[in-house]
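Quick note on numbering that gives the first Met the number 0: the sequence shown kicks off at 0 and runs consecutively. Heads up, the beta-carbon is just placed ideally off N, CA and C, and yes, glycines get one too. Notes follow once the structure below has been shown.
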Amino acid sequence: MAPNTPKPALVRRAMLAIGLATALSLLGDSSLYTILPLNTAEVGVTTVALGALLSANRWVRLLSNNLAGWLADRWARRPVFLLAMAIGTTSTLLYAVANGYWPLLIARIMWGIAWSGIWVVGNAIVLDISDETNRGRLLGLYNVAFSVGAATGSGLGGILNDWLGYRSTVTIEGILTGLGLLIAVLLLPETGGFREALIPASAVKTKAVEDKPLPARSLSAYAIVSIILVFALYGANRIVGAGMFFPTFSLFVTERFGETISLGSWQIGSGAAAGMGQSVSTLLGLAIIPAAGILSDRVRNRWQVAALTIVPAIIGLWLLPLGQLVLLLLAVPLIAITLGSVRSVTSAILGDVAPQAARGKVMGFLFTVGDLASAVGPLIAFRLLEIRDLTFIYHLAAAIFGAILIPTLFLALRRTHSW
Numbered sequence: 000m001a002p003n004t005p006k007p008a009l010v011r012r013a014m015l016a017i018g019l020a021t022a023l024s025l026l027g028d029s030s031l032y033t034i035l036p037l038n039t040a041e042v043g044v045t046t047v048a049l050g051a052l053l054s055a056n057r058w059v060r061l062l063s064n065n066l067a068g069w070l071a072d073r074w075a076r077r078p079v080f081l082l083a084m085a086i087g088t089t090s091t092l093l094y095a096v097a098n099g100y101w102p103l104l105i106a107r108i109m110w111g112i113a114w115s116g117i118w119v120v121g122n123a124i125v126l127d128i129s130d131e132t133n134r135g136r137l138l139g140l141y142n143v144a145f146s147v148g149a150a151t152g153s154g155l156g157g158i159l160n161d162w163l164g165y166r167s168t169v170t171i172e173g174i175l176t177g178l179g180l181l182i183a184v185l186l187l188p189e190t191g192g193f194r195e196a197l198i199p200a201s202a203v204k205t206k207a208v209e210d211k212p213l214p215a216r217s218l219s220a221y222a223i224v225s226i227i228l229v230f231a232l233y234g235a236n237r238i239v240g241a242g243m244f245f246p247t248f249s250l251f252v253t254e255r256f257g258e259t260i261s262l263g264s265w266q267i268g269s270g271a272a273a274g275m276g277q278s279v280s281t282l283l284g285l286a287i288i289p290a291a292g293i294l295s296d297r298v299r300n301r302w303q304v305a306a307l308t309i310v311p312a313i314i315g316l317w318l319l320p321l322g323q324l325v326l327l328l329l330a331v332p333l334i335a336i337t338l339g340s341v342r343s344v345t346s347a348i349l350g351d352v353a354p355q356a357a358r359g360k361v362m363g364f365l366f367t368v369g370d371l372a373s374a375v376g377p378l379i380a381f382r383l384l385e386i387r388d389l390t391f392i393y394h395l396a397a398a399i400f401g402a403i404l405i406p407t408l409f410l411a412l413r414r415t416h417s418w
């Protein structure tokens, strides 16, 4: 082990710190997509304003993502991550006292700035402490933390909203975000010093690489096309998941099953059912996310794995509008598998092909593309709801994934047989 290479204990400590902090920070934001559409009168906003409010945090990240990456390089990773967690705690607590469009908009903008620091720097930390032999696995584990936080927030928000009401719900979630900040303060080490120490696994010739060498010109073309397709796939994943599916799912459940859902002798509110459905289904799919990363590490052909992970969402988005409870319980985990796995695999591909000196900038641009897609998604979805139904929106989302699957398969095959 090189003198400045991160020790396994430090890697575990860093992953634990950013994983727990990131998961807890997501509780307020992810629950807002479930409970805000159900509490517009209490917070003093209109249904038309929901699209702007739920996407405002993503619009601001078009600027703040690059700022977060620049600050992380200039100030080091740890202080930027901690500052972002502090802003995230404050913004979530502001949801509890905000009344009306403008105060809530300010809180959403603050959250957008906070999430830039948390997510951009969190991924940069993973790249600091990983190489090509374990990057997919570690990014997969970090995305599991993301999915756990998002899923728990949806379920917890729905349950607490039905039990305690909107303002008490977001207050509790703000306190839990503060707990994530405390965990990061106590556990997170500085990892920026390891950036130059790690030797890429590609620098070591293996038999698999020697059996299928790629010419320098072909490798350059592969890298360029891979980066472009990573941006396209990541953007499609975000516009479908964060932009079209999650913001409308509680409305879909209410529309198809009414204000309450009967399960035998139990009566469950639609808000709680929607949140619990997303949470349980996402948690069931969590084993697939690190498995996709591990598989991509082992086969050394991440595009084949990427193509494989797109298919479940296409199936799920066609099953969901059929409106049967059994099909809904099958469709949501299929969608969750794709949304989580694509995040980890695309980040790993980008870490492989991007120049080491430019990885931070390229990752920042990747998340900017994703945030642009996420910001446009709710605006498109809620605008389409004025003229079309949710079935059309979910079929459109399936078509987006179907379109991106074609070049993904092409690149996977070309990578297999060389350029």
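In this structure, DSSP gives residue 367 a helical state, which the three-state scheme calls helix. Counting along the chain, the unbroken alpha helix (DSSP H) around residue 334 starts and ends at 324-352. When only Cα atoms are considered, residue 59 and residue 229 end up about 22 angstroms apart.
Of the other Cβ atoms in all chains shown, fewer than 16 fall within 10 Å of the Cβ of residue 391; this residue is therefore exposed. Counting C-beta pairs closer than 8 angstroms gives fewer than three between the region 28-36 and the region 331-346, which falls short of the contact rule. Secondary structure note for residue 145: its alpha helix (DSSP H) is the uninterrupted segment 134-163. Your pair residue 36 and residue 49 checks out as a contact, with CB atoms roughly 6 angstroms apart and the cut at 8 angstroms. For the 9 angstroms CB-CB criterion, residue 322 and residue 334 do not form a contact. If the five residues before and after residue 75 are omitted, its C-beta is found closer than 8 angstroms to the C-beta atoms of 189 and 191, all from its own chain and listed in chain order.
Shown here, residue 44 sits in coil according to DSSP, grouped into three states, outside any helix or strand. Annotation: the continuous alpha helix (DSSP H) that includes residue 123 extends over 100-127. Remark: C-beta atoms of residue 407 and residue 232 approach each other more closely than 9 angstroms.
Excluding sequence positions up to five before and after residue 329, its CB lies within less than 7 angstroms of the CB of 318, all in the same chain and listed in chain order. As summarised for the region 385-417, there are no continuous beta strand (DSSP E) elements at least 3 residues long confined to that stretch. Around the CB of residue 305, 16 or more other CB atoms lie within 10 Å, so the residue is classed as buried. Straight-line measurement puts the Cα of residue 265 at about 44 angstroms from the Cα of residue 61. In the three-state DSSP reduction, residue 360 falls in the helix class (H, G or I).
Straight through space, the alpha carbons of residue 57 and residue 384 are spaced by roughly 21 angstroms.
If you compare the alpha carbons of 292, 118 and 169 with that of residue 370, the shortest gap goes to 118. Per DSSP, the unbroken alpha helix (DSSP H) holding residue 308 starts and ends at 301-318. Taking a cut-off of 8 angstroms for Cβ pairs, the region 92-101 and the region 133-149 do not touch, as fewer than three such pairs fall below it. Under the 10 Å beta carbon count, residue 167 is surrounded by fewer than 16 other beta carbons and is classified as exposed. Excluding five sequence positions before and after residue 245, the CB atoms of its chain that fall closer than 6 angstroms to its own CB belong to 32, given in chain order. Residue burial is scored here from C-beta neighbours: residue 258 has fewer than 16 other C-beta atoms within 10 angstroms and is therefore classed as exposed. Going by DSSP, residue 88 is part of the alpha helix (DSSP H) stretching over 76-96. Going by DSSP, residue 4 is part of no alpha helix (DSSP H) at all; its letter is neither H nor E. Spanning the alpha carbons of residue 159 and residue 240 requires a straight line of approximately 23 angstroms. DSSP places residue 285 in the coil class of the three-state scheme, outside both helix and strand. Counting only the Cα atoms, residue 97 lies some 31 angstroms from residue 386. Nearest Cα to residue 115 within the set 139, 81 and 140: 81. Annotated as proximal: residue 135 and residue 296, with beta-carbon spacing under 9 angstroms.
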